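Down below is the structure, laid out as structure tokens.
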Amino acid sequence: MPSLPLTVENAAAVERAAAAPFVEIDNVDLRYSEHADTHALTALQMSVAKGEFAAVVGPSGCGKSSLMKLVTGLLPPTSGTLSVAGKKVMGPLKIVGMAFQNSTLLPWRNILENTMLPLEIVQPHRAQLRSKRKEYEAIARGLLESVGLAGFEKRQPWMLSGGMQQRANLCRSLVHSPELLMLDEPFGALDAFTREELWAVLQDLWMQRRFTCILVTHDLREAAYLADVVYVMSARPGRVIATHRIDLPRPRTVASTFEPAFVDMVHRIRDQIAQARTPRKPSVGSEQGVA
Ligand code: ADP
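Heads up, my numbering is the position in the sequence shown plus 50, with the first residue counted as 1.
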């Protein structure tokens, strides 16, 4: 069997992403307060190119959710700069779609109505919704069909399995064609088989639409399956300690994840995270914690 063209090139990965950064995080620090245990991120450096799929992995508490809040403009950094699409992030961004571990579908709305929700909130769609309702509905139906939910548009969320709800959740996060998709453990609550199905669904959506994507996950196979580049973060305060370029051809399949080169890559990342979690000797004044 030919070995997979999978390489680990930290410096090269950073260089390639830096060529045309869409999301640029430069020397960012985030402190929630002066307490050591609320120092979430330090000297964070990340550069995600337009249309690139990035994954962020790291030990619990390393600041992955804080990173999501910074990039989407929900939180300002304590120091350093953050820009998206060439503009400094100064507040909540309109060009972002988001999905979380909990699908957060509204129980009183059917699947189609849930999927269309961002069009009722995000401008300019909100202003155009009345005149363009048919067109928007067709977009939502098309998305639902592409993830295998045709025929389920009028069902309430509770009538669908967890995996189907997450499919609908992905559709909702993409219905307003965001340039940037931020995913925080979107498949964390699903069983292993459903999760793997959803990797393929997300990969298909990304290959069709080529939005820039940042995925936060604990699942290293998921990161390596989906991403072009995987950032490994240290324990709190989080910073990037390694960058892995995943040069596997697409579309990737679950079978790819059992190839030796893929397995080696996942082990390498796992080792780096284990090292990142290793307790350091406490030193006077040190605020390095272990998640
Ligand atoms: P992760 O998503 O990787 O588990 P978080 O971004 O949620 O990590 O948190 C990173 C660190 O920032 C935590 O260990 C915690 O100490 C601190 N932190 C997060 N949110 C808050 C908050 N609202 N107030 C104070 N400290 C916080």
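Positions of the beta carbon are idealized from the N, C-alpha and C atoms, including for glycine.
Please read these numbers as outputs of a predicted model, since none were measured by experiment.
CB-CB length for residue i against residue j, believed under 8 angstroms
i      : j      : result
Phe103 : Leu240 : So it is not a contact: roughly 19 angstroms between Cβ atoms.
Val146 : Met232 : 6 angstroms
Gly288 : Gly136 : Their Cβ separation, rounded to whole angstroms, is 25 angstroms, which puts Gly288 and Gly136 out of contact at 8 angstroms.
Arg320 : Ala285 : Incorrect: roughly 15 angstroms between the Cβ atoms, too far for contact.
Val73  : Thr262 : 7 angstroms
Ala190 : Met166 : 5 angstroms
Extent of the continuous beta strand (DSSP E) run through residue i
i      : result
Thr128 : Thr128 -> no beta strand (DSSP E), and no H or E assigned at all.
Leu91  : 89-99
Met214 : Here Met214 belongs to no beta strand (DSSP E); instead the alpha helix (DSSP H) covers 212-224.
Met283 : 279-283
One or two residues paired with residue i in a DSSP bridge
i      : result
Thr262 : Leu230
Met257 : Paired residue(s): none; Met257 is not in a bridge.
Ala149 : Leu233
Phe358 : Any property of residue 358 remains undetermined from this structure, which presents the chain solely from 51 to 341.
Val134 : Val73, Lys137
Segment limits, alpha helix (DSSP H) that includes residue i
i      : result
Asn77  : It is not in any alpha helix (DSSP H) - Asn77 instead sits in the beta strand (DSSP E) that spans 71-81.
His175 : 175-196
Thr358 : Nothing can be reported for residue 358, as the shown portion of the chain is limited to 51 through 341.
Ile291 : No alpha helix (DSSP H) holds Ile291; the beta strand (DSSP E) holding it covers 290-295.
Ala326 : 310-327
Val273 : Residue identity check: residue 273 is Ala in the sequence provided, not Val. Where Ala273 is concerned, the enclosing alpha helix (DSSP H) stretches over 270-276.
Ser116 : 114-121
Residue i beta carbon near ligand 1 (any heavy atom closer than 7 angstroms)
i      : result
Thr122 : no
Tyr281 : no
Ser110 : yes
Phe90  : Inspection of the sequence shows that residue 90 is occupied by Ala rather than by Phe. Yes; taking the cut-off as 7 angstroms, the Cβ of Ala90 has a heavy atom of ligand 1 nearer than that.
Gly130 : no
Asp87  : yes
Gly238 : no
Tyr275 : no
Lys114 : yes
Tyr186 : no
Ser196 : no
Ser83  : yes
Residue i beta carbon near ligand 2 (any heavy atom closer than 7 angstroms)
i      : result
Arg286 : Looking for ligand 2 in the displayed structure turns up nothing; the ligands present are ligand 1.
>> When you compare the stretch 108-118 with the stretch 75-90, are there three or more beta-carbon pairs, one atom per stretch, that lie closer than 8 angstroms?
In response: yes
> Are there three or more Cβ pairs, one per stretch, closer than 8 angstroms when the stretch 153-162 is compared with the stretch 216-230?
Replying inline: yes
> Would you call the stretch 292-306 and the stretch 252-263 in contact, with 3 or more CB pairs under 8 angstroms?
Replying inline: Taking 8 angstroms as the limit for Cβ pairs, the verdict is that the stretch 252-263 does touch the stretch 292-306.
> Between the stretch 265-274 and the stretch 235-251, are three or more C-beta pairs nearer than 8 angstroms?
Replying inline: Yes, they touch.
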